Amino acid sequence: MTLPTFSVAIETANLSVADLDGLRVTLDALSAQTVPITQAREVLLTDSGDVPTDMLEQLLRDYPWVRALRLPRGTGYEELKSAAVEASTGDVIVYADGDCYYEPVWLEAILAPFADPSVAIVGGETNIDSAGPYGLAMAIAFSFTASTSSGLYRSDRYHFNNVAFRRPVLQRIPVPTRRPCYRMTGLHAAALQAGGYTIWRTPHARVRHAPPNGFTHFMWRFLLFGHDGVVVPRLVAAQARAAGRGPTRARHTLRLAWLWVSQAGKKLVGEIRRRPIRAPELIVVAPIIMAAMMFQAAGAVGGLVASPQLLAAMPEEILRASTCEPRHGTREVPGG
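Everything in the sequence shown is counted per our numbering, starting at 1 for the first residue and increasing by one.
So, in structure tokens, the structure goes:
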């Protein structure tokens, strides 16, 4: 199989609310790929201060194929991702996060579709690590969608912890930043599709994401899922109008709520079918899922009636893992 030249980019913004040891899990997983990671033109670790200097220096010694790209403190998630576009030289840029485990065939699976020159974007499938009752609850409740496809399929979204782009795509349609939402990938996916690109997904590029680390992270992730669920479609519609593409109907809030519930149901059924022995864990899992859904619903209400106030209340450690629109004009930005 002929693979394109490629670069790998790993950001560290999520480590502001995650376990730093997770970065070693990521790097160990990348070192065990069926396509040797050393075949990458470069493996960039983009960091704005979330990894302590002594730890970063040790990581560079332990994983000599990694190159650090240090950026100013305050550089957010999507900005760290975007910095790799000009710093990399591969025909394809493959994106990973520093708090995920990548299965051994991940890199091969996400690169293989690029053998077709018409393919410009390929995403994989990410799920929360479901170890233990808490992990199982997060695997069911989290925003990662449940898929039943066995091959390459079209999608209207991607996850930035598990996606690859041909470099010219990101040069033509860069990832937006500094918008009034937590994650910008929904805006970017809409702009890519409006620009004529197809987002392909493969179920064979599988990633396990760490669950939220602690109650604060758990609460805010679900509040922000709910918030973005109602705010991002509005921003997409405004984006379409500004580009002269005519009205775009935002998802109705009740339909969105049904989507969340139905996705959680599919994932619950799938998990129990795979491992029926876990059914008794539902006694513990159910209250956690209900709490997640309540925070998500509260976030959706906040997005509908008080979006600026909700974003202004975001703790600093959560804000650092985003490029959300600055609050009170005080957030440090690159070059500022």
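Each residue gets a CB set at the ideal place from its N, CA and C atoms; glycine is no exception. All of these numbers come straight from a predicted model, not from anything done at the bench.
Whole alpha helix (DSSP H) elements within the stretch 165-221, 4-residue minimum = 167-172 and 185-194
Proximal residues to Thr53 (C-beta, below 7 Å), its chain only, five neighbours per side dropped | For Thr53, same chain residues with a beta-carbon under 7 Å away, outside a window of 5 residues either side, do not exist.
Assuming Ala386 and Ser130 make a contact with CB atoms under 8 Å, what is their CB distance in whole Å?
-> Since the displayed the chain opens at 1 and closes at 336, residue 386 lies outside it and no answer follows.
Is the stretch 229-242 in contact with the stretch 297-311, if contact means three or more CB pairs nearer than 8 Å?
-> Yes, the stretch 229-242 touches the stretch 297-311.
Measure the Cβ-Cβ separation of Tyr158 and Ala189 and say whether it is below 8 Å.
-> Taking 8 Å as the cut-off, the Cβ atoms of Tyr158 and Ala189 count as close.
Backbone secondary structure at Thr126 - three-state DSSP = strand
Residue environment, Ile277, which counts as buried when at least 16 other CB atoms sit within 10 Å | The Cβ neighbour count for Ile277, taken over all protein chains shown within 10 Å, is under 16; the residue is labelled exposed.
Among Val25, Phe6 and Arg61, which has the Cα closest to the Cα of Val35?
-> Phe6
Taking the C-alpha atoms as reference points, what is the distance between Arg24 and Leu59?
-> 8 Å
Give the DSSP-derived three-state secondary structure of Thr12 in the structure shown.
-> Coil, per DSSP.
Reducing DSSP to helix, strand and coil, say where Arg73 ends up.
-> coil
3 or more residues per run - each beta strand (DSSP E) lying fully within the stretch 52-116 = With a minimum length of 3 residues, the unbroken runs of beta strand (DSSP E) contained wholly in the stretch 52-116 fall at 66-70, 92-97 and 100-102.
What's the C-alpha gap between Ala9 and His209?
-> 16 Å
How many angstroms separate the CA atom of Arg178 from the CA atom of Ile128?
-> 27 Å
Under 8 Å between C-beta atoms of Arg183 and Ser155 = no
Anyone know if the C-beta pair for Ser88 and Pro72 falls short of 8 Å?
-> no
Which whole-angstrom value is the C-beta distance of Cys324 and Leu310, which I expect to be below 8 Å?
-> With a beta-carbon spacing of about 11 Å, Cys324 and Leu310 fall beyond the 8 Å limit used to define contacts.
C-beta atoms of Leu165 and Val92 nearer than 8 Å = The question names Leu, but residue 165 in the sequence shown is Phe. Yes, these two residues count as a Cβ contact at 8 Å.
Out of Leu30, Tyr95, Ala112 and Leu56, state which residue places its alpha-carbon closest to the alpha-carbon of Glu103.
-> Leu30
Going by C-alpha distance, which of Trp106, Thr12, Glu86 and Gly270 is nearest Arg167?
-> Glu86
Give the C-beta separation of Tyr101 and Phe160 to the nearest angstrom, bearing in mind that I take them to be a contact with Cβ-Cβ under 8 Å.
-> Not quite, the Cβ-Cβ distance comes to about 16 Å (not below 8 Å), so this is no contact.
Can you list, in chain order, the residues of its chain whose CB lies under 8 Å from that of Asn26, leaving out five sequence neighbours each side?
-> Residue identity differs from the one stated: residue 26 is Thr in this sequence, not Asn. Ile10, Ala96, Asp97, Gly98, Asp99, Cys100, Tyr101 and Tyr102.
Leaving out the 5 sequence neighbours to the left and right, which residues in its chain are closer than 7 Å to Trp65 when beta-carbon positions are compared?
-> Closer than 7 Å at the Cβ level, and outside the excluded window around Trp65, lie Ile37, Thr38 and Val43.
Nearest to Arg245 by alpha carbon, out of Ala279, Trp260 and Gln193?
-> Gln193
Beta-carbon spacing of Phe114, Pro4 below 8 Å = yes
From Arg331 to Gly74, what does the alpha carbon distance come to, in whole angstroms?
-> Interpretation of Arg331 is limited by its pLDDT of 41, a score under 50 that renders its predicted location unreliable; the figure taken from the coordinates is listed afterwards. Distance between the alpha carbons of Arg331 and Gly74 is about 7 Å.
Less than 8 Å separating the beta-carbons of Leu223 and Ala298?
-> Ala298 sits close to Leu223, with the two beta carbons spaced by under 8 Å.
From Met314 to Arg241, what distance separates their C-alpha atoms?
-> 29 Å
Coarse secondary structure for Arg41, derived from DSSP in three states | In this structure, Arg41 counts as coil in the three-state DSSP scheme.
Report, in whole angstroms, the separation of the C-beta atoms of Ile199 and Gly123, which I expect to be a contact under 8 Å.
-> About 6 Å separates the two Cβ atoms, so the contact holds.
In this structure, what does DSSP give as the bridge partners for Ser7?
-> When beta bridges are read from the DSSP output, Ser7 appears opposite Ile93.
With a CB to CB cut of under 6 Å and the five nearest residues on each side skipped, what residues in its chain are close to Leu107?
-> Gln33 and Val35
Contact set for Val285: own chain, Cβ-Cβ below 6 Å, skip 5 residues either direction | Pro133, Leu136 and Ala137
Of all the CB atoms in chain C, is at least one closer than 8 Å to the CB of Gly22?
-> Here chain C cannot be found, since the structure has a single protein chain.
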